[in-house]
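Peer 1:
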Amino acid sequence: MAISRALTFALVLSLALLRTALADSGHTATSCQIDSLPKTVTDAWAALKRSPNELEPQLAVADALIDQGCYKEAVPVLEAGLAQRPRSSELQSRLRAARSMLNEEHFFEGLGTAQEAARLQHSVMRCTKLADVSACDDALHIKPDDPQLVIAKGDALAHGGRPADAILIYLRAASLLPSDDGVKSKLAAAESQREALVSQCEGNADTGAADACQAALLRGSQDEFALLRRRGILLQSLGKPEQALDAFIAANVLKQNDKSVALAIVALTDSTGRRDAMALAARGTSLLTLGRATEALQALRQAQALAPALPKIKVQVAQAEQAARDEAKRQTRTASARAAGSNAVVGAGGASAEAAKSPTSARVAASGAVTYSNDADAAHSN
Amino acid sequence: MKRLVALVMVLSLLGAAGCTSRPPTIAHVHIGHAITGVHVTPNQEGYLVTAERRGGEAVEFTRVAAGSTDLAVIKQNVAAAVKATDSENEFGVKQAIVMAANHITFAATSDDATVNVQQAAPIFAAHITRVVERCELIDLLGKDVAASTSAQEAGVSVVELGKLTQANVSGDDANGDGVVGSIPSEYGLVQLRKELEAMIARENPRYVTVPQWYLFNLVRLPNGRWVFDKLGRGGNIDGYK
């Protein structure tokens with residue numbers, strides 16, 4: 000009994016393996032390359048052209064095609080032969096075999112299709128009935144422009160408290176179904192839901208508020224930066240520096256000249272010790288915003304070394320280099336001015352010990368013009 | 000003369016009752032494997048019969064699952080429904096209907112197959128797809144239920160399982176035309192049986208129920224030809240492939 004069952008399954012398995020083997024060797028009907036057939040087939044065709052009414056060349060062509068897995072092509076050859084010799088058992092058996100293989104291919108294709116179709120239905124069901132967003136994505140991967148699926152994903156997102164994401168999806172649904180009132184009302188509802196979250200984000204100071212800021216985030220919206228900054232502030236106050244830093248980094252990407260964000264990023268990169276390319280780049284641009292160009296250049300160069308393909312990093316490094324040069328000039332100018340002021344005081348009030356050591360210094364201190372020339376020299380040395 | 004007439008009548012009756020030495024066609028034996036009996040199934044019933052029986056079991060297990068609020072009971076019955084639907088070792092609906100289609104295909108490729116069977120076999124094989132599709136979906140939903148953490152969560156899948164197992168038996172009305180099983184993509188086992196019975200009804204020479212000996216002793220030779228094992232080893236044959 001067991002052996003018989005094994006025998007039967009082996010038979011089915013052998014059919015499946017045969018199909019796989021044929022597919023692997025390019026022998027399926029669909030992959031039968033009629034233009035690049037081997038010499039055995041072309042020779043058989045040539046022989047058949049010479050003697051189109053002879054049984055042997057007909058069988059030879061059919062056999063050669065069947066050997067190559069070209070069942071679809073073999074069928075008309077055999078049918079033509081049978082039209083001439085309806086009682087030929089050789090033609091009949093080959094035709095039956097070729098048709099059988101074709102049917103078998105379709106059968107297995109059908110089973111394969113059934114599996115895919117079931118997976119799609121499963122994803123659609125989980126998307127529509129369980130608001131499973133990843134299932135929506137799986138289904139949309141197979142049917143990207145199915146408006147009902149797009150709407151279902153929007154519903155799933157809205158149901159999951161992500162109205163901002165839902166808005167984007169409903170907008171896509173609206174582009175697929177421009178006159179659909181249902182989509183419009185879903186869009187309006189999602190916008191209202193988002194407004195409520197924005198209020199919660201701005202008005203409260205708890206974890207729920209921080210989550211609301213995140214859920215209300217809508218790419219490209221006017222309040223995107225404000226929501227990210229607010230989320231960062233809330234998370235920082237809730238003792239979640241890593242997440243706060245992420246929020247501030249995201250805000251910094253949108254707007255790089257905000258001093259409060261820049262200060263937060265510098266403080267949080269210090270306290271968290273984060274030194275990945277993204278954090279370093281954000282720290283660099285923040286330091287630039289805060290006018291600490293030399294430190295900014297250092298951070299940006301580190302970021303560039305870690306991730307040379309980081310967006311805008313080359314430009315940022317170049318900006319920082321320029322700013323560092325300017326900073327150095329300013330520092331030199333300031334130092335010179337201080338020195339000049341100090342010497343002037345010394346000159347007026349009596350000789351200091353240091354000035355007394357250097358006749359040049361004493362000379363510089365005595366002349367404002369020389370002070371400017373020193374500045375110039377310093378600038379050139381840079 | 001009366002004796003002669005009586006003899007002819009007796010012989011006719013014996014013939015009609017199957018007391019004839021003429022074996023069935025190979026094609027008809029394969030058809031018999033699908034609808035009457037085959038030695039490999041649990042009850043030595045035909046593959047389609049197995050599919051119908053297992054389909055009914057799946058419906059029943061799902062019904063019990065749907066009627067329970069105990070997650071453990073739900074999971075247990077859904078697992079049983081999935082096993083009745085898709086189990087290689089215990090002939091689930093999927094395995095049984097695929098085997099039925101295979102044997103109808105074997106029938107069509109037999110040397111003695113009628114044109115009727117040759118034409119109907121690929122159609123039948125194509126029409127089982129929806130049942131197979133539902134089996135696959137039942138499998139996936141079964142996994143969802145197995146992973147559920149509450150009866151409520153499992154409930155959504157169980158409702159779907161109920162529809163699918165029932166549709167596998169009796170078909171569905173996916174296109175909403177008010178007729179269950181009006182198109183092949185709505186077919187269940189009921190419609191597939193009707194299709195097979197229609198094919199059998201068209202057979203000429205007429206199909207008669209194949210005796211068990213023939214059903215259990217059809218073997219395939221290494222050269223691919225089907226023959227009856229005269230030693231009657233019930234398909235349990237070494238040396239034959």
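Residue numbers (numbering that gives the first Met the number 0), protein chains in the order written: chain A, 0 to 381; chain B, 0 to 240. C-beta: ideal position from N, C-alpha, C; glycine also.
1. Would you tell me roughly how many angstroms separate the C-alpha atoms of Leu-139(A) and Arg-324(A), rounded to the nearest one?
2. When DSSP builds the beta bridges, which residues end up paired with Phe-227(B)?
3. Glu-132(B) touches chain A at which residues, Cβ-Cβ below 7 Å?
4. From Gln-57(A) to Lys-38(A), what does the alpha carbon distance come to, in whole angstroms?
5. Please check if any C-beta of chain A sits within less than 9 Å of the C-beta of Ile-127(B).
6. Does the beta carbon of Phe-247(A) come closer than 9 Å to any beta carbon on chain B?
7. Quick check on Lys-142(A) - is its C-beta less than 9 Å from some C-beta in chain B?
8. So, for Ile-25(B): in the same chain, excluding its five sequence neighbours on each side, which residues have a beta-carbon less than 6 Å away from its beta-carbon?
9. Measure how close the beta-carbons of Pro-94(A) and Leu-77(A) come, nearest whole angstrom, since I'm counting them as under 8 Å.
10. By the three-class DSSP mapping on this structure, what secondary structure does Glu-89(B) have?
11. Assess contact between the region 101-121 of chain A and the region 77-86 of chain A, defined as three or more Cβ pairs (one per stretch) separated by less than 8 Å. Is contact present?
12. Whole angstroms is fine: what's the gap from Leu-36(A)'s alpha carbon to Thr-104(B)'s?
13. Can you tell me where the alpha helix (DSSP H) with Ala-57(B) in it begins and where it stops?
14. Taking 9 Å as the threshold (beta carbon to beta carbon), is Asn-102(A) in contact with chain B?
15. For Gln-43(B), which of helix, strand or coil comes out of DSSP?
16. Under 9 Å, CB to CB, which of the residues in the region 147-171 of chain B have a partner in chain A?
17. So, is Ser-156(B) buried or exposed, given that buried needs 16 or more other C-beta atoms within 10 angstroms?
18. Indicate whether Ile-168(A) and Gly-153(A) have their beta-carbon atoms separated by less than 9 Å.
19. Could you check the C-alpha separation between Ala-304(A) and Gln-297(A) for me, to the nearest Å?
20. CA-CA distance, Asp-228(B) and Tyr-213(B)?
21. Mark His-26(A) as exposed unless 16 or more other C-beta atoms lie within 10 angstroms of its C-beta, in which case mark it buried.
22. Specify, as a first and last residue, the run of the alpha helix (DSSP H) that Lys-185(A) falls within.
23. Going by alpha carbons, who is nearest to Thr-35(B) out of Tyr-206(B), Thr-61(B), Lys-74(B)?
24. By the DSSP assignment, the alpha helix (DSSP H) with Leu-81(A) in it spans what residues?
25. Could you name the residues of the same chain whose beta carbon sits closer than 6 Å to that of Ala-278(A), not counting the 5 residues immediately before and after it, in chain order?
26. Got a sec: is the Cβ-Cβ distance from Pro-22(B) to anything in chain A below 9 Å?
27. Should the region 155-172 of chain A be called in touch with the region 208-217 of chain A, which here means at least 3 C-beta pairs below 8 Å?
28. Ile-182(B) lies in the alpha helix (DSSP H); which residues open and close that run?
29. Looking only at its chain, what residues have a beta carbon closer than 7 Å to the beta carbon of Ala-155(A), apart from the 5 residues adjacent to it on each side?
30. Once you ignore the five residues that flank Leu-230(B) on each side, which residues in its own chain have a CB closer than 7 Å to its CB?
31. What in chain B is Cβ-close to Lys-128(A), meaning under 7 Å?
32. Below 7 Å on C-beta distance, what does Gln-387(A) contact in chain B?
33. Please return the same chain residues whose Cβ sits closer than 6 Å to the Cβ of Ala-22(A), not counting the five positions on each side in sequence.
34. According to DSSP, is Ala-33(B) helix, strand or coil?
35. Is the region 44-63 of chain B close to the region 94-102 of chain B, with three or more CB pairs under 8 Å?
36. Quick one: does Ala-20(A) have its CB under 9 Å from some CB of chain B?
Peer 2: Inspection of the coordinates gives the following:
1. 53 Å
2. Leu-217(B)
3. Ala-113, Ala-116, Ala-117
4. 16 Å
5. yes
6. no
7. no
8. Ser-109, Asp-111, Trp-225
9. Inspection of the sequence shows that residue 94(A) is occupied by Leu rather than by Pro. Their Cβ separation, rounded to whole angstroms, is 4 Å, which keeps Leu-94(A) and Leu-77(A) in contact under 8 Å.
10. coil
11. no
12. 29 Å
13. 46-65
14. yes
15. coil
16. Glu-152, Val-155, Ser-156, Val-158, Glu-159
17. buried
18. yes
19. 11 Å
20. 9 Å
21. Unreliable placement is indicated for His-26(A), whose pLDDT of 33 sits below 50; the coordinate value is still reported in the next sentence. When all chains shown are included, His-26(A) counts as buried.
22. 180-202
23. Tyr-206(B)
24. 70-83
25. Thr-268
26. no
27. yes
28. Careful: Ile-182(B) lies outside any alpha helix (DSSP H) and carries neither H nor E.
29. Cys-126, Ala-130, Asp-131, Val-132, Cys-135
30. none
31. Val-155
32. Chain A is shown only over 0 to 381; residue 387(A) falls outside these bounds and no answer can be derived.
33. Reliability fails at Ala-22(A), whose pLDDT of 36 lies under 50, so the model's placement of it is uncertain and no value is given.
34. helix
35. yes
36. Because the pLDDT of Ala-20(A) is 35, which lies under 50, any placement of that residue in the model is unreliable, and the question is left without a value.
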